[in-house]
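Following: one structure in structure tokens, then a few remarks.
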Amino acid sequence: MSANPRDVANESAQGNFGPLDTALADWARRHGGDEQIAQAFALVSRAVQQGHSCLNLDASHPLPGSDKTVSGRALLKAVRTSSLAGGPGDEKPLILEDTRLYFHRYWQYEQRLANRIHRFIESPPESVSLPTLLADGGLFDFASVTTGQPHWQAVAAFTALRHRFAIISGGPGTGKTFTVLRLMVLLIRAAMEAGQRAPLIKIAAPTGKAAARMAESVITGVGKLNIPDDVRAHIPTEASTLHRLLGLGFGTTRPRYDAENTLPADIVIVDEASMVDLSLMAKLAEAVRESARLILLGDRYQLASVEAGSVLSELCQAAGVNAFSTAHIAAGGALLADVESGVPSLLGDHVVTLQTSHRFNAESGIGRLATAINDGDTERSIALLREGLPHVTWLDNPDASRTSLLDEYAAYRAARIDILDPAQALDVLQSRVILCAVREGPFGSNTINREITLRVARARGFDSTRIWYHGRPVIVLRNDYRVGLFNGDAGVCLRDRDGQFRVWFRTDEGLRALLPPNLPEHTTLYAMTIHKSQGSEFERVAMVLPTVQSEVLSRELLYTGITRARQSVELISYEEILRITVSRQIQRYSGLAARLQTEDGAR
């Protein structure tokens with residue numbers, strides 16, 4: 023049934039559209055749009071909030087909570103004749119390209135990003151010294167590689183040495199940081215041997231905690247490398263958030279560094295790139311000068327950014343899985359001798375997917391389960407859980423397991439609440455966590471946080487209605503450029519010697535303490551959503567899924583939650599919900615991949 027709505031506000035009252043959707047529909051009416059155009063504005067707004075960069079007019083769109091559907095074909099006809107819509111290059115609020123309907127700024131972000139990537143990949147490939155990569159006793163341990171299998175980490179380094187734009191994708195433990203550290207050494211050494219200055223390298227990540235973890239990994243890795251001091255001196259030991267790198271400050275969406283004022287860097291390396299949304303990725307790509315290198319690290323199978331766009335996933339999908347051209351394979355010589363050429367694509371030679379996890383080996387319970395989930399293999403996932411996996415526990419009756427889970431976790435946290443050292447207290451946050459798919463309901467993070475707070479308060483004898491207490495863990499809910507904290511940053515409240523509360527965080531600038539009134543919007547952190555856990559690692563994870571179906575459930579969500587664990591996972595879910603989750607894959611609609619399929623796709 024096709025809808026012929028007369029009032030978007032009525033749909034808002036029924037919970038189908040949010041306040042922003044309704045406000046945009048009202049704006050469209052006030053500026054001459056009819057009801058179909060008003061609904062188009064509301065639907066595009068809702069699509070962006072759901073993570074799409076545009077609205078797909080090839081399909082009809084159901085209205086949540088209603089039996090109505092909106093015909094994409096009818097909207098397409100209305101948009102083509104509206105003064106509020108135009109085509110690519112027009113200065114109109116809505117932009118129609120093929121059957122994709124964008125807000126103008128999201129069309130611009132997508133176009134600008136595609137243009138910039140095209141410019142990078144148009145640069146001629148550079149010559150790479152294969153003897154340096156293949157040398158015995160060199161930076162890469164070829165003796166550990168299974169016969170007949172490429173050394174994927176060395177392949178990734180070769181690819182990033184050969185091209186100015188490269189993506190190194192891989193799950194936890196596949197060696198992304200290991201690879202990029204050795205890549206930096208090779209680039210620095212090559213410049214010095216050629217009598218040139220060492221390249222200026224910047225490393226960054228989307229959040230403060232991810233940047234801090236990247237910097238820590240680099241420092242640890244450098245300490246294990248046998249390299250000359252003059253090379254070591256040029257390896258960066260600090261990482262920044264992307265916002266700080268680009269100079270994005272409070273109250274503005276315009277970065278300090280952009281296409282006109284590019285970053286003072288020869289190499290820009292970004293970790294956790296799956297978390298970077300379309301807007302931020304477009305700004306980043308434009309800020310990197312064309313003669314520099316941009317290297318993205320991330321897990322192509324992980325959840326996409328909370329904001330619009332799934333850039334890393336789309337770029338990796340457009341490239342395929344290690345689907346290199348015959349020219350790239352020939353240039354790789356012995357390094358790629360066991361690899362067959364793939365279907366030609368513009369991005370194929372720029373993307374390497376690491377294949378072997380050194381944290382989760384082939385027999386690892388977490389690794390085997392993550393692979394089955396990624397494959398969307400429901401039967402194999404359930405079978406693995408039923409037969410029992412090392413370091414993986416499945417509790418298939420959440421209602422019966424809930425109380426013992428909260429009691430045990432609260433006891434663990436209450437026993438460690440007296441820690442005074444900020445670094446140790448923050449380490450406790452990384453030791454164990456409860457991950458939730460949703461925020462509300464009996465298995466939502468908000469409810470579980472309240473109930474654990476009550477249990478901790480009873481165990482330690484303080485008033486649970488007190489907002490601040492020694493040992494209270496918190497998580498930031500929105501970016502605040504003024505104080506340098508970002509959505510997802512985790513901290514812990516400690517009382518200092520003067521009896522004053524301060525909240526400590528690990529940031530890209532090291533340990534920092536803020537007074538509670540100076541914090542951005544935040545909440546208690548005993549449990550957190552899986553979305554918020556991106557960029558984090560924990561020794562032990564307990565992951566709870568809701569007992570009823572939810573739109574947020576997907577294999578990407580499940581995979582992301584499971585792979586946050588370094589040692590063990592406890593999965594708490596009814597089998598029916600687990601089956602639904604593994605079978606459902608996130609589909610975000612955009613035109614980025616299409617723009618990168620052909621030589622002139624971004625023109």
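The sequence shown runs 23 to 625 under our numbering.
Glycine included, each C-beta is placed from N, C-alpha and C at the ideal position.
Exercise. Count the other CB atoms within 10 Å of the CB of residue 612; is the residue buried (16 or more) or exposed (fewer)?
Worked result: buried
Problem set entry | Whether residue 547 touches residue 512 by CB criterion (8 Å) | yes
Problem set entry | Which listed residue (96, 405, 115) has its alpha carbon closest to that of residue 105 | 115
Problem set entry | Own chain, CB closer than 6 Å to residue 467, minus 5 neighbours either side, in chain order | 458, 461, 549, 550, 551
For this session: Under the assumption that residue 67 contacts residue 43 (Cβ atoms under 8 Å), give the Cβ distance between them as a whole number of angstroms.
Result: 4 Å
Problem set entry | Nearest-angstrom beta carbon gap, residue 279 and residue 581 [assumed within contact, 8 Å] | At roughly 34 Å, the Cβ-Cβ gap does not stay under 8 Å, so residue 581 and residue 279 are not in contact.
For this session: Round the Cβ separation of residue 229 and residue 263 to the nearest angstrom and send it over; I've been treating them as touching at under 8 Å.
Result: 6 Å
For this session: Under 8 Å by Cβ, that's how I've got residue 207 and residue 249 pegged, so tell me the actual separation to the nearest angstrom.
Result: 6 Å
For this session: Pick out the complete alpha helix (DSSP H) segments inside the segment 333 to 386, 4 residues or longer, and give them in chain order.
Result: 333 to 341, 348 to 354
For this session: Write down the C-beta distance between residue 564 and residue 388 rounded to the nearest angstrom, noting that I regard them as a contact closer than 8 Å.
Result: No, residue 564 and residue 388 are not in contact; Cβ-Cβ is about 14 Å, not under 8 Å.
For this session: State the start and end residues of the unbroken alpha helix (DSSP H) segment that holds residue 124.
Result: Not the alpha helix (DSSP H): residue 124 falls in the beta strand (DSSP E), residues 122 to 125.
Exercise. If we count Cβ pairs, one from each stretch, closer than 8 Å, do we get three or more for the segment 495 to 513 versus the segment 535 to 547?
Worked result: yes
Exercise. Looking at C-beta atoms only, is the number of pairs between the segment 294 to 309 and the segment 118 to 138 that lie closer than 8 Å three or more?
Worked result: yes
Exercise. By how many angstroms is the C-alpha of residue 46 removed from the C-alpha of residue 53?
Worked result: 11 Å
For this session: Could you tell me if residue 188 is buried or exposed, where buried requires 16 or more neighbouring beta carbons within 10 angstroms of its beta carbon?
Result: buried
For this session: Taking 8 Å as the cut-off, decide whether the C-beta atoms of residue 363 and residue 341 are in contact.
Result: no
For this session: Alpha carbon to alpha carbon, how far is residue 96 from residue 103? Give it in angstroms, no decimals.
Result: 11 Å
Exercise. What's the call for residue 442, buried or exposed, on a 16-neighbour Cβ count within 10 Å?
Worked result: exposed
Exercise. Which stretch, first to last residue, makes up the alpha helix (DSSP H) that contains residue 181?
Worked result: 174 to 184
Problem set entry | Between the CA atoms of residue 283 and residue 271 - distance to the nearest angstrom | 16 Å
Exercise. What residue ranges within the segment 514 to 567 form continuous beta strand (DSSP E) runs of no fewer than 3 residues, ordered along the chain?
Worked result: 523 to 529, 532 to 536, 544 to 546, 549 to 551, 560 to 566
For this session: Pick helix, strand or coil for residue 34, following the three-state DSSP scheme.
Result: Residue confidence for residue 34 is low, a pLDDT of 41 falling below 50, so the modelled location carries little weight and cannot support an answer.
Exercise. Can you list, in chain order, the residues of its chain whose CB lies under 7 Å from that of residue 463, leaving out five sequence neighbours each side?
Worked result: 469, 568
For this session: Please say whether residue 454 and residue 610 have beta carbons closer to each other than 8 Å?
Result: no
Exercise. Taking the C-alpha atoms as reference points, what is the distance between residue 622 and residue 504?
Worked result: Legend: pLDDT at residue 622 = 47, less than 50; position of this residue unreliable, value from coordinates given subsequently. Approximately 41 Å, taken between the alpha carbons.
For this session: Would you mind giving the Cβ-Cβ distance between residue 286 and residue 222, rounded to the nearest angstrom? I have them listed as a contact below 8 Å.
Result: 7 Å
Problem set entry | C-alpha distance - residue 292 paired with residue 483, whole-angstrom precision | 45 Å
For this session: Taking the CB atoms as reference points, tell me whether residue 237 and residue 260 lie closer together than 8 Å.
Result: yes
Exercise. To the nearest angstrom, how far is it from the Cα of residue 430 to the Cα of residue 577?
Worked result: 28 Å
Exercise. Is it true that the CB of residue 418 sits closer than 8 Å to the CB of residue 605?
Worked result: no
Exercise. What's the C-alpha gap between residue 448 and residue 473?
Worked result: 21 Å
Problem set entry | As assigned by DSSP and simplified to three states, the class of residue 320 | strand
Exercise. Of all the options 133, 571, 185, 585, which has the alpha carbon lying nearest to the alpha carbon of residue 109?
Worked result: 133
For this session: Report the rounded CA-to-CA distance for residue 400 versus residue 276, giving the unit in angstroms.
Result: 45 Å
Problem set entry | Three-state class that DSSP yields for residue 90 in the structure shown | coil
For this session: Specify the secondary structure class of residue 495 as computed by DSSP and reduced to three states.
Result: strand
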